[in-house]
Amino acid sequence: MRASQETLVAVARSKGRAVASSWQALRDDDTDSVGVWHYGTLMVLVHADNTVTPVSHGWGSMTDKCGIRKILRKVNGQGYRDIFGC
10 MRASQETLVA VARSKGRAVA SSWQALRDDD TDSVGVWHYG TLMVLVHADN TVTPVSHGWG
70 SMTDKCGIRK ILRKVNGQGY RDIFGC
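Now the structure itself:
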């Protein structure tokens with residue numbers, strides 16, 4: 010299902026999967042979370058209570074940083090630096 014970066018997590022929660030450009034999100038019903046992937050790298054897990062678990066900081070590129078910021082702004086207002094500390 011196509012989505013914008015801003016709605017990626019919400020669409021994945023409701024439809025199971027969402028794609029926005031080079032980003033994708035997949036719902037994991039076993040852990041009640043959504044994994045957010047960029048170019049095949051799982052970057053974060055967004056849990057049902059909107060807490061975020063960092064998995065990989067990716068390449069640290071502007072695409073990674075701006076994408077995470079756009080995706081998480083609607084979820085909990087955090088950005089790349091908040092999640093990864095860099």
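Numbered continuously in the working numbering, the sequence shown closes out at residue 95.
Think of the CB as a built atom: it goes at the ideal place given N, C-alpha and C, for glycine as much as any other residue.
| message | So for A12, helix, strand or coil by DSSP? | response | Within the sequence shown, the letter at position 3 stands for residue 12. Correct three-state label for A12: coil.
| Would L54 pass as a contact of S42 if the rule is Cβ separation under 8 Å? | The residue you call residue 54 lines up with position 45 of the sequence shown. The residue you call residue 42 lines up with position 33 of the sequence shown. Yes.
| message | If you follow the alpha helix (DSSP H) that G76 is in, where does it begin and where does it stop? | response | If you number the sequence shown from 1, residue 76 lands on position 67. M71 to R82 is the span of the alpha helix (DSSP H), which, as asked, contains G76.
| Under a Cβ-count criterion, where at least 16 other Cβ atoms within 10 Å of its own Cβ denotes burial, should R26 be classed as buried or exposed? | The residue you call residue 26 lines up with position 17 of the sequence shown. So R26 counts as exposed.
| V64 and N85 look like a contact to me (Cβ under 8 Å); what is the Cβ gap, rounded to whole Å? | Residue mapping note: residue 64 aligns to position 55 of the sequence shown, counting from 1. Residue mapping note: residue 85 aligns to position 76 of the sequence shown, counting from 1. Wrong, their Cβ atoms sit about 16 Å apart, outside the cutoff.
| message | Closest to H47 by C-alpha separation, out of A19, I92, H66 and R82, would be which residue? | response | By 1-based counting over the sequence shown, the position of residue 47 is 38. It is H66.
| field | C-alpha gap between D58 and S30, whole angstroms | value | On the sequence shown, position 49 is the one that residue 58 refers to. On the sequence shown, position 21 is the one that residue 30 refers to. About 26 Å.
| task | Helix, strand or coil for D98, going by three-state DSSP, please let me know. | result | The requested residue 98 does not occur in the structure, where the chain is confined to residues 10 to 95.
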